[in-house]
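Just below is one structure, and these are the notes that go with it.
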Ligand code: FO1
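In the working numbering, the protein residues as written are 20 to 325.
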């Protein structure tokens, strides 16, 4: 059994690769970027993983359903609503079903299981918690939800801080803890360390469990040099006072994992990272097609000899 901790867009390629190589995979999903909009509960990271595994993800955008239409959004615009968050018509059905089920008393874990069944996804997708956990970004103009910072305001303002609201009270999903405990290997996907992986690590029980099993935990870096493959990881790392490099990442993860895969171009950092007590592996990290996803996944699965 393999468990992978994942965010959305930055993680989905490796998640797909891992699932293509192993039949018993748990994906623990971030929920910090969940967002209420038009009375619907959106879980972008959970949906990106499920759509990716169901092979219906819009790969160019990295979110939403491929070839979706936007009639619903157009109508909201006519009603005078803000439409900065591009919800497709089929995607809206996912949010509506989830919201109705929540209103009928189901929890996010059960709803996610139901979604996996409906999309014929065999891997288990497990929300890291069923409690409220919200990533908020502080800028010089104030504090906003992550989706507002990145999508509505296009990540323009200087980031001063990142908060995980609710982390102190959030209970880890017992299924997530059991999955990590029972797995041969636990992988930290190359998601944004502050906004995809960070919210999960901010839950005390998750961090504690990972630190207990850190010898079998392997992280895959989302960086080459001081640049992320995609998205604002570098900007958030800088704001959090973390060196923007795979060394900075390794330092951030050093209490929860003993193994890291960095890009071959960053091989020069090996000694420095090893000084943190971590094993370092290098590979080509950029995944452009399914072959790359599978190659990196099989490389990651071959490492760690506990
Ligand atoms: N990201 C954008 O940059 N613009 C969008 O309009 C947008 C819509 C959207 C709709 C559904 C969904 O599941 C994700 C969506 N995303 C959009 C991605 C999302 O904002 C983030 O990339 C993730 O939350 C981070 O993992």
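Glycine residues also receive a C-beta, built at the ideal position from the N, C-alpha and C atoms. The structure presented is a predicted model; accordingly, all values stated were derived computationally and were not measured.
- Short of 7 Å from the beta carbon of residue 299, and not among the five residues preceding or following it, lie these beta carbons of its own chain, in chain order: 279, 281, 289, 292, 293.
- Cβ-Cβ separation between residue 174 and residue 254: approximately 7 Å, consistent with a contact (criterion under 8 Å).
- Within the model, the alpha-carbon separation for residue 257 versus residue 263 is close to 6 Å.
- One alpha carbon belongs to residue 78, the other to residue 142, and they sit about 20 Å apart.
- Rounded to the nearest angstrom, the Cβ distance from residue 304 to residue 315 is 7 Å, consistent with a contact under 8 Å.
- In this structure, residue 152 lies near residue 50, with their beta-carbon atoms less than 7 Å apart.
- Contact between residue 192 and residue 128 holds, since their C-beta atoms are separated by about 6 Å, short of 8 Å.
- Annotation note: the segment 178 to 257 contains the following uninterrupted alpha helix (DSSP H) runs of length 4 or greater, listed N- to C-terminal: 193 to 201, 217 to 220, 223 to 231.
- A heavy atom of the ligand FO1 is found nearer than 6 Å to the CB of residue 83.
- Taking the Cβ of residue 201 as the reference point, every heavy atom of the ligand FO1 lies at 6 Å or farther away.
- Rounded to the nearest whole angstrom, the C-alpha separation of residue 26 and residue 57 is 23 Å.
- Closest in C-alpha terms to residue 239, from the list 196, 297, 80, comes 297.
- Bounds of the alpha helix (DSSP H) holding residue 39 are 31 to 40.
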